[in-house]
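>
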Amino acid sequence: MEIRNFSIIAHVDHGKSTLADRILELTESVSERDRRDQMLDSLELERERGITIKATPMRLHYTADSGQTYQFNLIDTPGHVDFNYEVSRALGACEGVLLVIDAAQGVEAQTIQNAYLAADNGLEILPVINKIDLPAADVPGAIAELEEIIGVPGDHAVPVSAKTGENVRAVLEAVVRHLPGPKGERVAPLRALIFDAVYDAYQGVIAFIRVFDGTIKAKDRVLIHSTGKVLEVERVGFFRPEPTVAAELSVGEVGWFTAGIKEIADTQIGDTVTSADSPTDRPVPGFKPAMPVVFSGLYPTDTEDYPRLREALEKLRLNDAAFSFEPETSEALGFGFRCGFLGLLHADIVQARLEREFDLSLIATAPGVVYKVVTTDGAAFDVQNPSELPTPDRLESISEPFVALSVFLPEEYVGSAMGLLQEKRGEMKDMIYHGHRVELRYEVPFGEILYDFHDRLKSLSRGYASMDYQFLEYRAGDLVKIDVLVNEEKVDALSIIAHRDKAYDVGRRMVDRMAEVIPRQMFSIPVQAAIGGKILARATVKAFRKDVLAKCYGGDITRKKKLLEKQKKGKARMKQIGTVEVPQEAFLAVLSTEE
Amino acid sequence: MVAPALYVHVPFCPSICPYCDFHKMLRNEGLVARYVERLEAEAAAVSAAFPESPATVYFGGGTPSHLTDAELTSVFSALRRGWGAGAGRAETTLEADPLTFDERRLAALRALGVTRLSIGLQSADDATLRFLGRVHDAAAGLEAVALALEAGLRANVDVIMAVPGQDVERDLRRVADLGVRHVSVYSLTVEPGTPFARRGVRVDPEADADAFELAGSVLAEYGLQRYEVSNFAAPGEESLHNLTYWRGEPYLGIGPSASAYLPVGGPFGTRYKNPPIKAWLAGETPEAEALSADDYLLERLMTGLRTREGVDLEGLERRVGAKLANVAPAWLRDVTRHALLERTDGRLRATPAGLERLDGVLRAFVGSRTAIAADRRA
Numbered sequence: 001m002e003i004r005n006f007s008i009i010a011h012v013d014h015g016k017s018t019l020a021d022r023i024l025e026l027t028e029s030v031s032e033r034d035r036r037d038q039m040l041d042s043l044e045l046e047r048e049r050g051i052t053i054k055a056t057p058m059r060l061h062y063t064a065d066s067g068q069t070y071q072f073n074l075i076d077t078p079g080h081v082d083f084n085y086e087v088s089r090a091l092g093a094c095e096g097v098l099l100v101i102d103a104a105q106g107v108e109a110q111t112i113q114n115a116y117l118a119a120d121n122g123l124e125i126l127p128v129i130n131k132i133d134l135p136a137a138d139v140p141g142a143i144a145e146l147e148e149i150i151g152v153p154g155d156h157a158v159p160v161s162a163k164t165g166e167n168v169r170a171v172l173e174a175v176v177r178h179l180p181g182p183k184g185e186r187v188a189p190l191r192a193l194i195f196d197a198v199y200d201a202y203q204g205v206i207a208f209i210r211v212f213d214g215t216i217k218a219k220d221r222v223l224i225h226s227t228g229k230v231l232e233v234e235r236v237g238f239f240r241p242e243p244t245v246a247a248e249l250s251v252g253e254v255g256w257f258t259a260g261i262k263e264i265a266d267t268q269i270g271d272t273v274t275s276a277d278s279p280t281d282r283p284v285p286g287f288k289p290a291m292p293v294v295f296s297g298l299y300p301t302d303t304e305d306y307p308r309l310r311e312a313l314e315k316l317r318l319n320d321a322a323f324s325f326e327p328e329t330s331e332a333l334g335f336g337f338r339c340g341f342l343g344l345l346h347a348d349i350v351q352a353r354l355e356r357e358f359d360l361s362l363i364a365t366a367p368g369v370v371y372k373v374v375t376t377d378g379a380a381f382d383v384q385n386p387s388e389l390p391t392p393d394r395l396e397s398i399s400e401p402f403v404a405l406s407v408f409l410p411e412e413y414v415g416s417a418m419g420l421l422q423e424k425r426g427e428m429k430d431m432i433y434h435g436h437r438v439e440l441r442y443e444v445p446f447g448e449i450l451y452d453f454h455d456r457l458k459s460l461s462r463g464y465a466s467m468d469y470q471f472l473e474y475r476a477g478d479l480v481k482i483d484v485l486v487n488e489e490k491v492d493a494l495s496i497i498a499h500r501d502k503a504y505d506v507g508r509r510m511v512d513r514m515a516e517v518i519p520r521q522m523f524s525i526p527v528q529a530a531i532g533g534k535i536l537a538r539a540t541v542k543a544f545r546k547d548v549l550a551k552c553y554g555g556d557i558t559r560k561k562k563l564l565e566k567q568k569k570g571k572a573r574m575k576q577i578g579t580v581e582v583p584q585e586a587f588l589a590v591l592s593t594e595e
Numbered sequence: 596m597v598a599p600a601l602y603v604h605v606p607f608c609p610s611i612c613p614y615c616d617f618h619k620m621l622r623n624e625g626l627v628a629r630y631v632e633r634l635e636a637e638a639a640a641v642s643a644a645f646p647e648s649p650a651t652v653y654f655g656g657g658t659p660s661h662l663t664d665a666e667l668t669s670v671f672s673a674l675r676r677g678w679g680a681g682a683g684r685a686e687t688t689l690e691a692d693p694l695t696f697d698e699r700r701l702a703a704l705r706a707l708g709v710t711r712l713s714i715g716l717q718s719a720d721d722a723t724l725r726f727l728g729r730v731h732d733a734a735a736g737l738e739a740v741a742l743a744l745e746a747g748l749r750a751n752v753d754v755i756m757a758v759p760g761q762d763v764e765r766d767l768r769r770v771a772d773l774g775v776r777h778v779s780v781y782s783l784t785v786e787p788g789t790p791f792a793r794r795g796v797r798v799d800p801e802a803d804a805d806a807f808e809l810a811g812s813v814l815a816e817y818g819l820q821r822y823e824v825s826n827f828a829a830p831g832e833e834s835l836h837n838l839t840y841w842r843g844e845p846y847l848g849i850g851p852s853a854s855a856y857l858p859v860g861g862p863f864g865t866r867y868k869n870p871p872i873k874a875w876l877a878g879e880t881p882e883a884e885a886l887s888a889d890d891y892l893l894e895r896l897m898t899g900l901r902t903r904e905g906v907d908l909e910g911l912e913r914r915v916g917a918k919l920a921n922v923a924p925a926w927l928r929d930v931t932r933h934a935l936l937e938r939t940d941g942r943l944r945a946t947p948a949g950l951e952r953l954d955g956v957l958r959a960f961v962g963s964r965t966a967i968a969a970d971r972r973a
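Protein chains in written order, with our numbering: chain Y, 1 to 595; chain Z, 596 to 973.
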């Protein structure tokens, strides 16, 4: 049977998942009764947030107009910039992509980014102009943008409405006609790409693979290229969408295998699986070990939950090789973990899963980037936690990560976007006009666009701007550590690193926000931001004027005592620092918006 | 074995006030008879176990003055049978509603051994009294207080504060002008489940704080000093019975829902709580909770810091076997630095500012303290 391996890529909300659902219906892989919207997004959080985290592959059978039946492998890809590497590896398993463009919105930043990613992987691009049912749909305009901006010819572009199902069959015919089938040798040592994996409590890791050469079946001895680990295959199969066991996966096919693998870290995304007896000397190119870029401290609100937090992190790590954790101690928060994430969204997801699936109450410190530090005695190391930054007298240099940022927006918003980028210490590299739209290319410190940048960009452009970025390099900067003092005591977990020119504004904003969120207590509490010993900004949490119950006679004593103790236990997401109760929001004060 | 005080709970009221969340019920003859009978039995049993005669007796409620003379006589006889004629020799207090006594009744109460009336006047203003749902008017209330004083009884007058529309200063002056030597002032609190809560009554926190401060200055003009958060007295007129609670001394308790604290069951004593009336009538025994060192320390701070005399810190630290400076160092530093508590002559006391925010002070203590056992291990 001829095979087509492809993925659907799109800017967010351009209709990728809806199109995937329609394709599944047309290929009768999902019965109407099992159909749920956005079939491929299986994790509860994925469904809730309308985003895809895992690159789920699905095998479909399609009988073309010619009468010939094809095996389609449709690979869903993560739809967020945090997961760019995962997208590129999922694309590595394909020969072609459907590039979905909203007929009313046209080409956007992620359209371009994803198209380039596909082109880099040598994939054939089949444009699909979606949402033709909308009154504002402009199919010729979208095709013109496609040709002009991305340089993809529009001849084969298929106009559809994934929502109504109109013309979706034409997409499948175009897949058969315009996307190439896989190449490779059946009789050859196994050479397969791991493009994602999930952890299953019963079978261990289920690795998603694309076979480039050879075959894989139960009892085969295989080798993981980057680690040299040898495994015996237990089962192989594919998804339709439920996992289905197969006799073998052969050249060109996409599916899964299990081998009693205990940790997902043993099957890293992008790695190559090959035959243990005659390993390939040509691993699938493009492998990079997962690299967290955003770090934050996670602490249990109740110190007794520390062992439970450790267990939960270990369990989550089984299913998510992209996040890291190691124990750390904070004077203010006690025992916790420094965790690394692919981005802010990834951090949010991990924290939400810890609280929801493991019933933990956590305090998270402000997420930050990794700084590279050289001390006066010549030692060089990474700083993941701002409180570990050496004092200025011992600091030779400190560097921060820069990213190449591209912002895509209608021309009337360019002025405000440039203002924002300047505030974020961005340096303009290029400004490209595509008709009435503009692409701004900037180099900007990653730490500056971490928090409120995307929201502000969206708001200043009435939602029209889109963005994407790639890591560039580390650059030295005039960076300082801002400490925060609550009730005249330095709280190590609140320290952050900022550029000296912005330190005052950042400090002001942090203390004002903290004074808003810290509840009033028995005395007024100063909240101060400082560099070294120098106070930059101060705000005050006012005290209660009167806070005493009128009656406390014999019969009231036990009740009042229990009430005091209960109030302490009931403080979820509150941390006691000395005598002051500090809520979670205060630890994220630096994230509060500047406007 | 020392048991210097006895509390007697009388749960009956003539009407139910819309702000009250105490254990109380409307009077019902059959029930009252069974109550008196059961109380007599309980007095006999408790006095057998703890025979030392209590120096103070306090009848609380409810409204104990709604018992008839005959019922009260039965109760007093039962106490005398159990603990002898000396029961209540230092002070015998009865909580009384202004409409429940006249000159004849006052003489009868004196004859029974009552030395002190705690009178629930609440306000000397008709509008405020109506708002509170009280059945007496201001004139009748003030007249009752004057009668009690003339009869040679000590009077402790309850005044409520922070009622919407209330003129607190005028209320306090009208009471103090009668020559009352003990006043208790309570801010209106809207407890969940009370009629006020259902009606959405709210207390303005600023008015509440103003009233708290005003009470101190107005009553001081009459020589009445704040000796506890809510209690003001001329020197020597303090409620001896209530001081036993705030000093952490033992007391006996009988009647439905009555509590007791006795020096048994471990070095820090045991708290008892009788069941509500139905179970109590059926003879159910009280719930008991032996205190740990941590419980004891917290209770002593909780009650002792409410008083002007404060707590004997050195004695307390000896008794629990730990220093406050080790149990809650950050707290001790903060409360003294911010002048909420002060240490003098081995005692720890709340300053006026600390008294006004004492619950916050205690919450911070509970939030930041380490357990005493852990402190000892360290």
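Even glycine gets a Cβ: it sits at the ideal position worked out from N, Cα and C.
Pick out whichever of Ser524/Y, Val486/Y and Lys481/Y has its Cα sitting closest to the Cα of Tyr504/Y.
What you label residue 504/Y is simply residue 504 of the first sequence in a count that begins at 1. Of the candidates Ser524/Y, Val486/Y and Lys481/Y, the residue whose Cα lies closest to the Cα of Tyr504/Y is Lys481/Y.
> Roughly how many angstroms lie between the CA atoms of Ala529/Y and Ala537/Y, to the nearest whole one?
Along the first sequence, read from residue 1 onward, the residue named residue 529/Y stands at position 529. Along the first sequence, read from residue 1 onward, the residue named residue 537/Y stands at position 537. Roughly 5 Å separates the two Cα atoms.
> What separation, rounded to the nearest whole angstrom, lies between the Cα atoms of Ser278/Y and Thr215/Y?
Here residue 278/Y is taken as the residue at index 278 of the first sequence, counted from 1. Here residue 215/Y is taken as the residue at index 215 of the first sequence, counted from 1. Going from the Cα of Ser278/Y to the Cα of Thr215/Y covers about 13 Å.
> Which residues of chain Z have a Cβ atom closer than 7 Å to the Cβ of Met522/Y, listed in chain order?
Along the first sequence, read from residue 1 onward, the residue named residue 522/Y stands at position 522. Simply Leu935, Arg952, Gly955, Val956 and Ala959.
> Cα separation between Ala276/Y and Leu231/Y?
Working through the first sequence from its first residue, we reach residue 276/Y at position 276. Working through the first sequence from its first residue, we reach residue 231/Y at position 231. In a straight line, the C-alpha of Ala276/Y is about 8 Å away from that of Leu231/Y.
> With a threshold of 9 Å between beta-carbons, can Tyr571/Z be considered close to chain Y, or not?
Past the boundaries of the shown model lies residue 571/Z; chain Z is included only from 596 to 973, so the question cannot be answered.
> Might you give, ordered along the chain, the residues of its own chain that have their beta carbon closer than 6 Å to the beta carbon of Val599/Y, omitting 5 neighbours on each side?
The structure shown does not extend to residue 599/Y, since chain Y is modelled only from 1 through 595, so no value can be given for it.
> Please check if any C-beta of chain Z sits within less than 9 Å of the C-beta of Asp547/Y.
Counting from 1 along the first sequence, the entry for residue 547/Y is found at position 547. Asp547/Y counts as touching chain Z.
> Identify, in the order they occur along the chain, each residue of the same chain with its Cβ nearer than 7 Å to the Cβ of Gly507/Y, setting aside the five sequence neighbours on each side.
To locate residue 507/Y, count along the first sequence from 1; it is residue 507. Here the set comprises Ile482, Ala529, Leu536 and Ala537.
> Note down, in chain order, all residues in the segment 553 to 573 of chain Y with a beta-carbon under 7 Å from any beta-carbon belonging to chain Z.
Tyr553, Gly554, Gly555, Ile557, Thr558, Lys560, Lys561, Leu564, Glu565, Gln567 and Lys568
> Hey, is Asn751/Z's beta-carbon within less than 9 Å of any beta-carbon in chain Y?
Reading the second sequence from its first residue, position 156 is the one you call residue 751/Z. Answer no: the Cβ-Cβ gap between Asn751/Z and chain Y never drops below 9 Å.
> In chain order, what residues of the same chain have a beta carbon less than 7 Å from the beta carbon of Arg513/Y, not counting five sequence neighbours either side?
One-based indexing of the first sequence puts residue 513/Y at position 513. If we look at Arg513/Y and ignore the five residues flanking it on each side, its Cβ neighbours are Ala589 and Ser592.
> Using alpha carbons as the reference points, say which of Ala136/Y, Leu313/Y and Leu333/Y lies closest to Glu326/Y.
Along the first sequence, read from residue 1 onward, the residue named residue 326/Y stands at position 326. For the residues Ala136/Y, Leu313/Y and Leu333/Y, the minimum Cα distance to Glu326/Y belongs to Leu313/Y.
> If you count every other CB in all the chains shown that lies within 10 Å of the CB of Leu405/Y, and 16 or more means buried, which is it?
Reading the first sequence from its first residue, position 405 is the one you call residue 405/Y. Label assigned to Leu405/Y: buried.
> Compare the C-alpha of Leu712/Z against each of Tyr891/Z, Gly811/Z, Asp692/Z and Glu808/Z and name the closest.
Within the second sequence, numbered from 1, the residue matching residue 712/Z stands at position 117. Residue nearest to Leu712/Z within the set Tyr891/Z, Gly811/Z, Asp692/Z and Glu808/Z is Asp692/Z (criterion: CA-CA distance).
> Report the rounded CA-to-CA distance for Ala741/Z versus Val709/Z, giving the unit in angstroms.
Position 146 of the second sequence, counted from the start, is the residue given in the question as residue 741/Z. Position 114 of the second sequence, counted from the start, is the residue given in the question as residue 709/Z. Ala741/Z and Val709/Z: Cα-Cα distance of roughly 17 Å.
> Taking the runs of the beta strand (DSSP E) that are 3 residues or longer, which of them lie wholly in the segment 196 to 269 of chain Y?
When DSSP assignments are scanned along the segment 196 to 269 of chain Y, the uninterrupted stretches of beta strand (DSSP E) that are 3 or more residues long and fall wholly within it turn out to be 204 to 213, 221 to 224, 230 to 232, 235 to 239, 243 to 246 and 254 to 258.
> Should Cys339/Y and Phe323/Y be called a contact, given that it needs their Cβ atoms to be closer than 9 Å?
Translated into positions along the first sequence, residue 339/Y becomes position 339. Translated into positions along the first sequence, residue 323/Y becomes position 323. Result yes, Cβ atoms of Cys339/Y and Phe323/Y sit closer than 9 Å.
> Three or more beta-carbon pairs under 8 Å between the segment 637 to 649 of chain Z and the segment 849 to 859 of chain Z, yes or no?
yes
> Is it the case that the Cβ atoms of Val652/Z and His836/Z are separated by a distance below 9 Å?
What you label residue 652/Z is simply residue 57 of the second sequence in a count that begins at 1. What you label residue 836/Z is simply residue 241 of the second sequence in a count that begins at 1. Result yes, Cβ atoms of Val652/Z and His836/Z sit closer than 9 Å.
> Which residue from Gln717/Z, Leu662/Z and Gly715/Z puts its Cα closest to that of Arg700/Z?
As a working mapping, residue 700/Z is identified with position 105 in the second sequence. Closest by alpha carbon: Leu662/Z.
> To which residues does DSSP link Ile3/Y through a beta bridge?
Mapped onto the first sequence, residue 3/Y falls at position 3. Partner(s): Gln71/Y.
> Given a cut-off of 9 Å on the beta-carbon distance, is the pair Phe212/Y and Ala197/Y in contact?
Start at 1 with the first residue of the first sequence, and residue 212/Y comes out as number 212. Start at 1 with the first residue of the first sequence, and residue 197/Y comes out as number 197. No, Cβ-Cβ distance for Phe212/Y and Ala197/Y is not below 9 Å.
> Does the beta-carbon distance from Lys551/Y to Leu893/Z come in below 9 Å?
Stepping through the first sequence from its first residue, residue 551/Y is reached at position 551. Stepping through the second sequence from its first residue, residue 893/Z is reached at position 298. No, the Cβ-Cβ distance between Lys551/Y and Leu893/Z is not below 9 Å.
> Expressed to the nearest angstrom, what Euclidean distance is found between the alpha-carbon atoms of Pro180/Y and Gly252/Y?
Translated into positions along the first sequence, residue 180/Y becomes position 180. Translated into positions along the first sequence, residue 252/Y becomes position 252. Looking at the two C-alpha atoms, the distance is approximately 11 Å.
> Quick one: measure Cβ to Cβ for Thr111/Y and Ala10/Y, integer angstroms, because I've assumed they're closer than 8 Å.
What you label residue 111/Y is simply residue 111 of the first sequence in a count that begins at 1. What you label residue 10/Y is simply residue 10 of the first sequence in a count that begins at 1. That pair is a contact at about 7 Å.
> Can you tell me the Cα-Cα spacing of Leu223/Y and Gly270/Y, whole angstroms?
Position 223 of the first sequence holds residue 223/Y. Position 270 of the first sequence holds residue 270/Y. Whole-angstrom Cα-Cα distance: 14 Å.
> If distances are taken between C-alpha atoms only, which option among Ile143/Y, Arg169/Y and Leu360/Y comes closest to Thr63/Y?
Taking the first residue of the first sequence as 1, we reach residue 63/Y at position 63. When each option's Cα is compared against that of Thr63/Y, the closest is Arg169/Y.
> Using a Cβ cut-off of 9 Å (strictly closer), state whether Lys868/Z contacts chain Y.
Reading the second sequence from its first residue, position 273 is the one you call residue 868/Z. True, the Cβ-Cβ gap to chain Y drops below 9 Å.
> Under 9 Å, do Val294/Y and Ala259/Y count as touching if we go by C-beta distance?
For this step, residue 294/Y is matched to residue 294 along the first sequence. For this step, residue 259/Y is matched to residue 259 along the first sequence. Against a cut-off of 9 Å, the Cβ pair of Ala259/Y and Val294/Y comes out as no contact.
> Comparing C-alpha positions only, which one of Asn130/Y, Asn84/Y, Ser88/Y and Leu26/Y sits nearest to Pro285/Y?
By 1-based counting over the first sequence, the position of residue 285/Y is 285. Closest option to Pro285/Y, Cα to Cα, is Ser88/Y.
> Against chain Y, with Cβ distances strictly below 9 Å, would Trp875/Z count as a contact?
Counting from 1 along the second sequence, the entry for residue 875/Z is found at position 280. It does not; no Cβ of chain Y falls within 9 Å.
> Along the chain, where does the alpha helix (DSSP H) containing Ser608/Y start, and where does it finish?
The structure shown has nothing for residue 608/Y, since chain Y only spans 1 to 595.
> Could you say which of Ile264/Y, Asp281/Y and Ser296/Y lies nearest to Pro289/Y if we only look at CA atoms?
To locate residue 289/Y, count along the first sequence from 1; it is residue 289. The shortest C-alpha separation from Pro289/Y is found at Ile264/Y.
> Can you tell me the Cα-Cα spacing of Met328/Y and Glu311/Y, whole angstroms?
What you label residue 328/Y is simply residue 328 of the first sequence in a count that begins at 1. What you label residue 311/Y is simply residue 311 of the first sequence in a count that begins at 1. The sequence shown places Glu at residue 328/Y, not Met. Rounded to the nearest angstrom, the two C-alpha atoms are 15 Å apart.
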